[in-house]
Amino acid sequence: MKRKLLGGVGLAAAAVAAGVFMSGTAINTATAAAVSKNAAAHVPGVAVTRRLSPSQYEATIRDVFGPTVTLGGRFEPEVRRDGLLAIGQGYVSVTSTGMQQYEAMSRAIAAQVIDEKHRDIVIPCKPADAKGPDDACAGMFLGKVGRALYGRPLTKDELQTQVMASNMAAKELKDFYQGMWLSLASMLASPEFLFREEKLKAKADKNGAFDLEPYAKASKLSFFLWNARPDDQLLKAAEKGELDNPRGLKKQVDRLMASPRFEEGMRAFFVDMLGLDELDVMTKDAVIYPKFDSRIAADAKEQTLRTIVNVVLEQNGDYRDIFITPKTFLTRRLGAIYGVPVVNAAANGAPEQWQTYEFAKDDPRVGIVSHMSFLALHSPPGRSSPTLRGKALREVMMCQKVPAPPAAVEFKIVQDTSNPEYKTARARLTVHATNPVCAGCHKIIDPLGLALENFDGTGSYRLTENGAPIDTSGALNGVSFAGAAGLGKAIHDSPATSDCVLNRLVSYGLGRLPDKGESEWVKGLGKGFAEGGYRVRDLVRTIATDPAFYKASGQAVPAEVKPEKSQAAN
Amino acid sequence: MSAKITRRTVLRGTMGAGAVTVGIPFLDCYLNDSGTALAATGAALPVVFGTWFQDLGFNPGRWVPAKTGFDFENNIELKVLDPYKKKMNLVSGLQYFLDGKPLETHQTGVEIVTTGGIGGQAEAMASTDSLIADVIGTHTRFRSLEVALNGGRQSRSKRANAPNNPSEPSPAALYTRIFGPDFKDPNAADFKPDPVVMTRKSVLSYVTEQRKKTLAEVGAADRVRLDQYFTAIREIEQQLALELQRPDPLPQCTVAQKRDEMKPSSLMPSVIGNSKLFSELLAHAIACGQTRVFNINIGSQGLRTEGSAQTWHGLTHEEAIDEKLGYQKEVTYFITTSTKMCADLLGVLDNYQEGTGTLLDRCGIMWMTDHGYARTHTMDNIPVMTFGSAGGRLKTGQHISAVGDPATRVGLTMQQIMGVPVSSWGLQSNQTSKTMKEIVA
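This is the structure in structure tokens:
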């Protein structure tokens, strides 16, 4: 059957000049070494090919086919590396099980696109005969959709392949739309769609670095600012070469940042940086915390995002203020956890409304680390944990790595939560930390986490644990403080905090940690960030308009390139 | 621990009125006298490989049997496996070697026992089950099936240089995947290749061939990932090709019944209930020739009982040792309940009769864990077990003491009996070429 179908195709099998994973400028290791020897100030790291995240995949489908098309499938789990899912995306490929899911999703999506409800809206032409192939109409549709899905126009050969695929299938199944279905599905399951490659220009600059090709530039910019593939205007700007000159680039950056979709992009960054995606799967014990359910976890995530968006975008304020702001947004459900009245003006049955809320000056709840999203996420299912919270404050907010606990440690003393002698976490941890093996790490973790002990495992306020009063004094870098307010101030003042968001933002945009050769560039960004009052908006704009952001070195080519050989064949 | 939902109510709730055992028509007229092969073709019933990953080990002094050899008695925490004592092997005293690398608790042990390497090494290596699947899993609809009992997506199965394969957390979703519309009953009277499947395969093959031509030179990192992509695509093509062939009749195959699942979660009642559903589904999938490799990962660390402030993992570090009992009481509940779930899986497989043998008999299942004693993260006295005789390839019913030996010995042996051409496996101190001869038939 296959032979028969292919026999009728008669396609010239000419190799095409473009394709995903095919940087025309992939360099061999010898060249790479030579380049790094001549390194001038800025030597960019490698170009990164990234797998689309579930939200990016969803956004693309929505942008291209409209919001009524559903996905109907399960994505491969994401992988966090060096603190970010965005970096993990540069490492992951697809597993066989995951590919089966992608393939099934691609068919489900394509089936909706060609169904009677959507076809006339999405497909710009009608076939001459619906009972067979129509290459002209197929080419018009597949070319248009392909450009939006791949973030660049299809090459002539790519388009021919897709048209031929639709032709084969339409002939075989005697239905034009069935042909479109399978050809479109194959595009949705292609590496060109599932991954985004940073294609480089053919010629290196004087430092041995390469500029991204215009469409790759558009992609990098669009994912950075919108967490989505480039829209039509951006693709047109790329096509005209406008992104290669500072004015054209700035014009697009301004346009993208003025759009409401910029907020979506920034939310995606903060969800990644703060690990708020974990709230989607977080569970709490229903007996110990009867007020908790998955809706409240969703509210908690939204509360923190709204608070950050308010400080960082709406007010264009100092990033560090997210740790000291008393202003936030609440629903009635969250009000119940925080013990504050939130009046819902919505009619019965209407969705929860968000209310602006400002905690009083002397309220213990200040800044995002006193939000449920942080307190509950970094607690076990049924209680609080100063150690987990302290570790998260170091690792998430300040980008510091806390080592894993050593092997073969006795936990005898700290184990007993019902010991009448050690009623509070502080008392138990103090005894535990007398063990010199443990003391080193707990000394840097616990003083932060203990300051939040007034908040239980879901974030509700409490004054005692097992009847004993809770002491919330803590210290960071030799500065002592008490409670969440003091802690928030200490985090706000720590240089590690602003360095952390800068580093995460740069890594998020690059899809990898900045390289050694980029350290001067990052340092410069940090200087500007500080001088400008730690405004994330300005930092994003600086990065997005900086030509250095769009430079990369090629990946090393393996010594033996055998394109046809793959793992399963070994 | 709340007693509101007892195990009994859970089972009643999830399994409905249906019995837990699998009712299978006893059609051994199709089988030869010993029940090991199909009478019509003389082909042996294929061997099956499975893994059961149960993190967090056992309690010291409560699992190593007093005697070694064939007349051992299961110690208290393994008593629940007594009905299958003659069909199991227990290896005690094994070790995970760090070779000076930092111990990533609850991770390094997993890496060593599944891949033979640590950290970056482990990333570059494939897990035992996928090496075996490359040999025995290439002619089934699913090369392997991965499930997680805790509602999560994690598995301990991976290809070389690849992330872990995702696990299926929902029995209902697994049911649809195996016995949904794409299922072809091997015993159906009529068989007609589906023209849509045929066309799908043609389109996929054609487009893939064209795409491969565009790949002349790519960077090293992308090359590896692209290979994985095309490997995955080829497996889909193979799957489609299988759908177009008339399957060999499998008289012992019956389609699993669709049952209501409990919402997948890390709460014990749902873990226990869904574990039974998964066991049943996997048994039917194997009997119906859909897969020959399965991986069950409990996802032990996050398991918890309702009303408990801590998870199993949290408890291993925080629960006090009961002075009278001499061990952590709540932790031990999780250990024994999980081991019981494993015993229940064996029960389902052993109830699936195939001639004079059972489905369990043609399985070789490997039981693994991350630490010997989770409370202090020990890397010695590691238990590994095997269940089933892998179609007569394994000698069973023994306790073997292998003090100080690399735990990779068992993985090497299992690969060898499953037909992987390998004489040495693992890296540095975890490298071994010592087959565990005691268990090879």
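Top line first, the protein sequences correspond to chains F and G. Residue numbering for the first sequence follows our numbering, starting at 1 and increasing by one per position. Residue numbering for the second sequence follows our numbering, starting at 1001 and increasing by one per position. We put the CB at the ideal spot given by N, CA and C, even for glycine. Please read all numbers here as calculations on a predicted model, not as lab measurements.
The Cβ of F:L429 sits no closer than 8 angstroms to any Cβ of chain G.
Using a Cβ distance threshold of 8 angstroms, G:A1320 and F:I288 do not count as a contacting pair.
Under the DSSP definition of a beta bridge, G:H1399 partners with G:G1069 and G:L1090.
Ranked by Cα distance from F:Y422, the options F:N466, F:G459 and F:V396 are led by F:N466. At a cut-off of 8 angstroms between C-beta atoms, F:V522 does not count as an interface residue with respect to chain G. Sequence-ordered contacts of the stretch 1164-1193 of chain G with chain F read N1165 and P1166 [C-beta pairs closer than 7 angstroms]. For G:S1308, a Cβ of chain F is located within less than 8 angstroms of the residue's own Cβ. Beta-bridge analysis with DSSP links G:L1394 to G:V1440. F:L200 sits in a strand when the DSSP states are folded into three classes. For F:L235 and F:D134, the gap between their C-alpha atoms comes out near 27 angstroms. Here F:S385 is buried: its Cβ has 16 or more other Cβ atoms, across all protein chains shown, within 10 Å.
Think of a sphere of 7 angstroms around the beta carbon of G:S1270: no beta carbon from chain F falls inside it, the nearest being about 11 angstroms out. Bounds of the beta strand (DSSP E) holding F:G474 are S473 to L476. For the C-beta of F:L450, not a single chain G residue is nearer than 7 angstroms; the gap to the nearest is close to 17 angstroms.
Shortest Cα-Cα distance from F:D362 to any of F:P447, F:G335 and F:P326 involves F:P326. In this structure, DSSP gives G:Y1206 a helical state, which the three-state scheme calls helix.
Residue range P436 to G449 is occupied by the alpha helix (DSSP H) that includes F:C441. For a Cβ distance threshold of 7 angstroms, residue set T1105 of chain G lies close to F:P405, ordered along the chain. Look at F:N316 here: in three-state DSSP terms it is coil, with no helix or strand label.
Linking F:I337 to G:H1284 through their CA atoms gives a straight-line distance of about 47 angstroms. Any Cβ of chain F closer than 8 angstroms to the Cβ of G:Q1252 would place that residue at the interface, and such an atom is absent. Excluding residues up to 5 positions away in sequence, T424, R426, E453, N454, R462, L463 and T464 lie with their Cβ nearer than 8 angstroms to the Cβ of F:I470 in the same chain. Judged by DSSP secondary structure, G:M1366 falls outside any alpha helix (DSSP H) and instead within the beta strand (DSSP E) spanning C1363 to M1368. As DSSP reads the structure, G:M1385 sits in a beta bridge with G:L1090 and G:W1367. Below the 9 angstroms Cβ cutoff, chain G contributes no neighbours of F:I123, its closest Cβ being approximately 18 angstroms away. Per DSSP, the continuous beta strand (DSSP E) segment holding G:N1297 begins and ends at V1293 to N1297. Secondary structure in the stretch 488-534 of chain F: no beta strand (DSSP E) run of 3 residues or longer lies completely within the stretch. With a beta-carbon spacing of about 5 angstroms, G:S1300 and G:L1056 fall inside the 8 angstroms limit used to define contacts. With the criterion set as a beta carbon lying under 7 angstroms from some beta carbon of chain G, the members of the stretch 271-288 of chain F are T283, D285, A286, V287 and I288, in sequence order.
As computed with DSSP, F:K327 is found in a beta bridge with F:E358. The stretch 298-315 of chain F makes contact with the stretch 370-379 of chain F: 3 or more CB pairs, one atom from each, lie closer than 8 angstroms.
Collapsing the DSSP output to three states places F:K236 in a helix. Taking 8 angstroms as the cut-off, the beta carbon of G:H1377 is found no closer than this to the beta carbon of G:S1092. The alpha-carbon of F:V94 is positioned some 19 angstroms away from that of G:T1115. Excluding the 5 residues flanking it on each side, F:R261 has same chain C-beta neighbours closer than 6 angstroms at W226, in chain order.
Under the Cβ distance rule, F:R426 does not count among the residues neighbouring chain G, no pair being separated by less than 8 angstroms.
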